[in-house]
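> Protein chains in written order, with the working numbering: chain A, 1 to 581; chain B, 1 to 293.
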């Protein structure tokens, strides 16, 4: 009986490890091969406190968790600005440094570790036998599961998954991407610390081998085998790998040493086999399953019965063209003398222009004129070498993209940058500002307020989806939509930011004609509602129909501005745009 | 004191030559193919064991065992690419880097423990057949095996450098390293290039493994530490740097590591090496500007 509890305890300990890594990797898209190292911090803390100061496991668990979380915070500070391969490298370095440290420090027992962490009691109850540990471990694992679930399956988790899919797009919607990454990295390091402390209780020893690089690799294997992004998948992964142990130790006819080695061979073989046959894991999350099904069918994942909505439902707004717009208007955005060089290429050369409230301004010009660079400069994606950007009287030249988005200037991208593994509705919900559920304190302390806000956000997002004619596809994974549909969803997303200034990068390119008309109506109605809009567009019919004011760009300079028809009457500009006519 | 310093520096140069070879080999693989090839440690170890078996059981001459071990490593490396990484990348696309890394972890676990199975019965696995003698060079000494190791290290590094710089195969490899898609467009088959690169890199790593086993003995986890050194050298040097630059970083690492033993206990050297890596990587965003955050 005790032996069964022993395996169950091991499953619970590694469940905590795997859940922590899954939240980090499957949700937030960040990699760590240092989970065992963070476990070492928790485990050694518990062992040291007990052996040197007689502090019991309740405090040991708590302090170990906090210490590991703090270590995670320190490691995360530099690490989370890195791309995947560098993050792997850095966490590998952390893993090695921690293990080497505990191995070389005599106070920590060197290679043998801290032995005989035995006779522990928690709340007066002994923790000597696996069956006595089981209730404690079950409670701790349940707390970690529920915490991960709350973090992952909530507005907070929606932001994490958006960061995983496309951090740049997420930042353009006003999210503090780095702060989210750092928070989740620290939290998951803390959970790994808890798991490490549990492991020390289970084995009554804290040793370097217990927290080696191999253990980190096994934890990664559990998450990948189970299916990243699905907490239950990780439980499957943990169960599969942990239960290989009794299979090799008891059921198959090997001696002890060979059984141990063969078990490791099996770990690796299962991992490689899963990656080859089912790279998404044994039990992936629901949206990944839907996305896969849709992509296997080779077409957009339209829900059954949604075909009727293929014709865009044009929103019922009156489009009033107001030709006489020369009355002085509010300047909402002004760019003053912006310069930007990339090496020898001048992308912006002393650019100055203004965007007015209730106006559609258009940036046109040949390829390479620097139109998208202008958007990047306005939204803080790149910093100008000289000049400044003023948004409603406030200098935002050195603000970050997310600050600028929160101050009311939002952009869309030429390449859409939809979040493929979020549903269409979630894509739009993410953009809605001021959601309490995106912050930890309300998320855990104000459940009712959070869910009310979530329902409200859902309604607002639905309205925007209907507004762009995509209401029928709200549950579809955005990655399964056709390009033109994604463009509309991206438009709904930028609208949902409620930003006063909208910068739309080629909203009509690659979009079916029917959808272009729908989109034009939407933009015109926004203009009439008093928004400030700037479009970059190659389709001159779109510009002709929408633009109140047109800037003509060549080689990083604005060379002409004015009414669209005046510009197109200028033979030189037409030549610059189309080549020789 | 001075003699001690010279001796320590010479040791640093010799170890550094091996780090240089490892860094060049691993850097070639990750730089050209983008695969985070942890199983580099396995091919390294396998080469050592194959060479040891050949000398122990068949009485093969030392140099034949070196070549055979490295060739087996080359074959194994290419096979891992062909039968594991390549099919996984075909299916995973954007997430590929991480998936290949994880698969590589899996291959390492399998490989290392399969090798461990062969060592359960017998005692030491050693590469025989090199008559090692001490050489006195004025104030410092080194063994003939050290000399042979360093010579082979540099022979391989310089050969690769020449291959990349002067041959058409080298030009093709550099083209794929610079731009995968563009190489495809001008008619290069990146799959074939990847395959060759794995063979070359694993061969070089395998040679280093055999010499390590000749110096001490072959153990199943002998590849882990050299793999970490290879990582440090390759990444610090830069993944698209020419071999001689990477080699210079390897030498520098060997010297720094040796010199640390003058002031710190030897157990701390790993800390110093990874401390350098950590600081180097951690400061990367500052050097790059914060735009990529």
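Even for Gly, the Cβ is constructed at its ideal location relative to N, Cα and C.
For the structure I just gave you, are there three or more beta carbon pairs, one from the stretch 55-75 of chain B and one from the stretch 203-215 of chain B, closer than 8 Å?
A contact exists between the stretch 55-75 of chain B and the stretch 203-215 of chain B.
> Are the Cβ atoms of residue 412(A) and residue 504(A) separated by less than 9 Å?
Taking the first chain and counting its residues from 1, the one referred to as residue 412(A) is at position 412. Taking the first chain and counting its residues from 1, the one referred to as residue 504(A) is at position 504. Yes, the Cβ-Cβ distance between residue 412(A) and residue 504(A) is below 9 Å.
> Say whether chain A places a C-beta atom closer than 9 Å to the C-beta of residue 109(B).
The residue given as residue 109(B) occupies position 109 in the second chain. Yes, because at least one Cβ of chain A sits closer than 9 Å to the Cβ of residue 109(B).
> Taking residue 77(B) and residue 202(B) to be in contact with their CB atoms under 8 Å, please state how far apart those CB atoms are, rounded to whole angstroms.
Here residue 77(B) refers to the residue found at position 77 of the second chain. Here residue 202(B) refers to the residue found at position 202 of the second chain. Right, the Cβ-Cβ distance comes to about 3 Å (below 8 Å), so this counts as a contact.
> Suppose you measure from the CA of residue 37(A) to the CA of residue 248(B); what does that come to, to the nearest Å?
For this step, residue 37(A) is matched to residue 37 along the first chain. For this step, residue 248(B) is matched to residue 248 along the second chain. Looking at the two C-alpha atoms, the distance is approximately 31 Å.
> Cutting at 6 Å between CB atoms, please list the residues of its own chain near residue 272(B), excluding the five before and the five after it.
In the second chain, residue 272(B) corresponds to position 272, counting from 1. Hits under 6 Å: 260.
> Looking only at its chain, what residues have a beta carbon closer than 7 Å to the beta carbon of residue 484(A), apart from the 5 residues adjacent to it on each side?
By one-based count along the first chain, residue 484(A) stands at place 484. So the list reads 510, 511, 512, 515, once near-sequence residues are dropped.
> From which residue to which residue does the alpha helix (DSSP H) around residue 10(A) run?
Within the first chain, the letter at position 10 stands for residue 10(A). 2-22 is the span of the alpha helix (DSSP H), which, as asked, contains residue 10(A).
> Would you please verify whether the beta carbon of residue 88(A) is less than 9 Å from any beta carbon of chain B?
Along the first chain, one-based indexing puts residue 88(A) at 88. At least one chain B Cβ lies under 9 Å of residue 88(A).
> So, for residue 159(A): in the same chain, excluding its five sequence neighbours on each side, which residues have a beta-carbon less than 8 Å away from its beta-carbon?
Here the question's residue 159(A) lines up with position 159 in the first chain. Cβ neighbours of residue 159(A) beyond the five flanking positions: 170, 175, 180, 430, 438.
> In chain A, which residues lie with their C-beta within 9 Å of the C-beta of residue 303(B)?
What the structure shows of chain B is the stretch from 1 to 293, and residue 303(B) is not part of that stretch, so it cannot be assessed.
> How about residue 214(A): is its C-beta nearer than 9 Å to some C-beta of chain B?
Here residue 214(A) refers to the residue found at position 214 of the first chain. True, the Cβ-Cβ gap to chain B drops below 9 Å.
> Just the C-alpha distance for residue 182(A) and residue 269(A), rounded to the nearest angstrom, thanks.
Taking the first residue of the first chain as position 1, residue 182(A) is located at position 182. Taking the first residue of the first chain as position 1, residue 269(A) is located at position 269. Each residue's alpha carbon lies about 33 Å from the other.
> If residue 45(B) sits next to residue 112(B), beta carbons under 8 Å apart, how far is it from one beta carbon to the other, in whole angstroms?
Translated into the one-based positions of the second chain, residue 45(B) becomes position 45. Translated into the one-based positions of the second chain, residue 112(B) becomes position 112. Right, their Cβ atoms sit about 7 Å apart.
> Quick check: what's the CA-CA separation for residue 338(A) versus residue 93(A)?
As a working note, residue 338(A) is residue 338 in the first chain. As a working note, residue 93(A) is residue 93 in the first chain. Cα-Cα distance, rounded: 42 Å.
> Whose CA, out of 7(A), 80(A), 17(A), lies closest to the CA of residue 31(A)?
Residue numbering aside, residue 31(A) sits at position 31 when the first chain is read from its first letter. Closest by alpha carbon: 80(A).
> Closer than 9 Å, CB to CB, is residue 257(A) near chain B or not?
Counting from one through the first chain, the residue named residue 257(A) turns up at place 257. Taking Cβ atoms only, chain B reaches closer than 9 Å to residue 257(A), which makes this a yes.
> Would you say residue 91(B) lies against chain A (beta-carbon separation less than 9 Å)?
Stepping through the second chain from its first residue, residue 91(B) is reached at position 91. Judged by the 9 Å Cβ criterion, residue 91(B) is in contact with chain A.
> Under the assumption that residue 16(B) contacts residue 163(B) (Cβ atoms under 8 Å), give the Cβ distance between them as a whole number of angstroms.
The count along the second chain starts at 1 and reaches residue 16(B) at position 16. The count along the second chain starts at 1 and reaches residue 163(B) at position 163. Contact flag wrong, Cβ pair sits at about 22 Å.
> Exposed or buried, residue 562(A), counting other C-beta atoms within 10 Å across all chains shown (16 or more means buried)?
The residue labelled residue 562(A) in the question sits at position 562 within the first chain. Looking at its Cβ environment, which holds fewer than 16 other Cβ atoms inside 10 Å, residue 562(A) is exposed.
> For residue 106(B), would you say it is in contact with chain D, using Cβ-to-Cβ distances shorter than 9 Å as the test?
Absent here is chain D; the protein component of the structure consists of chains A and B.
> Express the C-alpha separation of residue 131(B) and residue 2(B) in angstroms, rounding to a whole number.
As a position in the second chain, residue 2(B) is number 2, starting the count at 1. As a position in the second chain, residue 131(B) is number 131, starting the count at 1. Rounded to the nearest angstrom, the two C-alpha atoms are 30 Å apart.
> Are residue 470(A) and residue 499(A) close, meaning C-beta to C-beta below 9 Å?
Position 470 of the first chain, counted from the start, is the residue given in the question as residue 470(A). Position 499 of the first chain, counted from the start, is the residue given in the question as residue 499(A). Contact flag unset, no.
> Can you look up residue 451(A) in the DSSP assignment and give me helix, strand or coil?
Numbered from 1 along the first chain, position 451 holds the residue referred to as residue 451(A). In this structure, residue 451(A) counts as helix in the three-state DSSP scheme.
> So, is residue 434(A) buried or exposed, given that buried needs 16 or more other C-beta atoms within 10 angstroms?
For the purposes of this step, residue 434(A) is identified with residue 434 of the first chain, where counting begins at 1. Residue 434(A) comes out exposed.
> Can you say whether residue 534(A) is buried or exposed, counting buried as having 16 or more other CB atoms within 10 angstroms of its CB?
Within the first chain, numbered from 1, the residue matching residue 534(A) stands at position 534. It counts as buried.
> Secondary structure at residue 225(B), three-state DSSP: helix, strand or coil?
As a first step, residue 225(B) must be located in the second chain, where it is residue number 225. Looking at residue 225(B) - three-state DSSP - the assignment turns out to be helix.
> Using the beta-carbon of each residue, which ones in chain B are nearer than 8 Å to residue 461(A)?
Numbered from 1 along the first chain, position 461 holds the residue referred to as residue 461(A). Result: empty, since nearest Cβ-Cβ is about 26 Å, beyond 8 Å.
> Go through the stretch 358-431 of chain A residue by residue and report every complete run of the alpha helix (DSSP H) that reaches 4 residues or more, in order.
List check, alpha helix (DSSP H) in window: 371-378, 401-406, 424-431.
> Determine which residues share a DSSP beta bridge with residue 339(A) and list them.
As a working mapping, residue 339(A) is identified with position 339 in the first chain. In the DSSP output, where bridge partners are listed per residue, residue 339(A) has 386(A).
> Measuring CB atoms only, is the stretch 215-233 of chain A touching the stretch 99-111 of chain B, in the sense that at least three cross pairs come out at less than 8 Å?
Taking 8 Å as the limit for Cβ pairs, the verdict is that the stretch 99-111 of chain B does touch the stretch 215-233 of chain A.
> Nearest CA to the CA of residue 577(A): which residue from 451(A), 553(A), 565(A), 566(A)?
On the first chain, residue 577(A) is found 577 positions in, with the first residue counted as 1. With distances taken between Cα atoms, residue 577(A) lies closest to 553(A).
> Measure the C-alpha to C-alpha separation of residue 490(A) and residue 291(A) and round it to an integer number of angstroms.
Here residue 490(A) corresponds to residue number 490 of the first chain, with the count starting at 1. Here residue 291(A) corresponds to residue number 291 of the first chain, with the count starting at 1. Roughly 18 Å separates the two Cα atoms.
> If you measure between the beta carbons of residue 227(A) and residue 285(A), is that distance less than 9 Å?
The residue labelled residue 227(A) in the question sits at position 227 within the first chain. The residue labelled residue 285(A) in the question sits at position 285 within the first chain. Their beta carbons are under 9 Å apart, which means residue 227(A) touches residue 285(A) by this criterion.
> Terminal residues of the continuous beta strand (DSSP E) containing residue 191(A)?
The sequence position of residue 191(A) within the first chain is 191, counting from 1. Counting along the chain, residue 191(A) falls outside any beta strand (DSSP E), though it belongs to the alpha helix (DSSP H) covering 177-203.
> Just checking: is the beta-carbon of residue 301(A) within a distance shorter than 9 Å of some beta-carbon in chain B?
As a position in the first chain, residue 301(A) is number 301, starting the count at 1. Only weak support exists for where residue 301(A) lies, its pLDDT of 44 falling under 50; the value from the coordinates is given anyway. With 9 Å as the cut-off, residue 301(A) does not count as an interface residue toward chain B.
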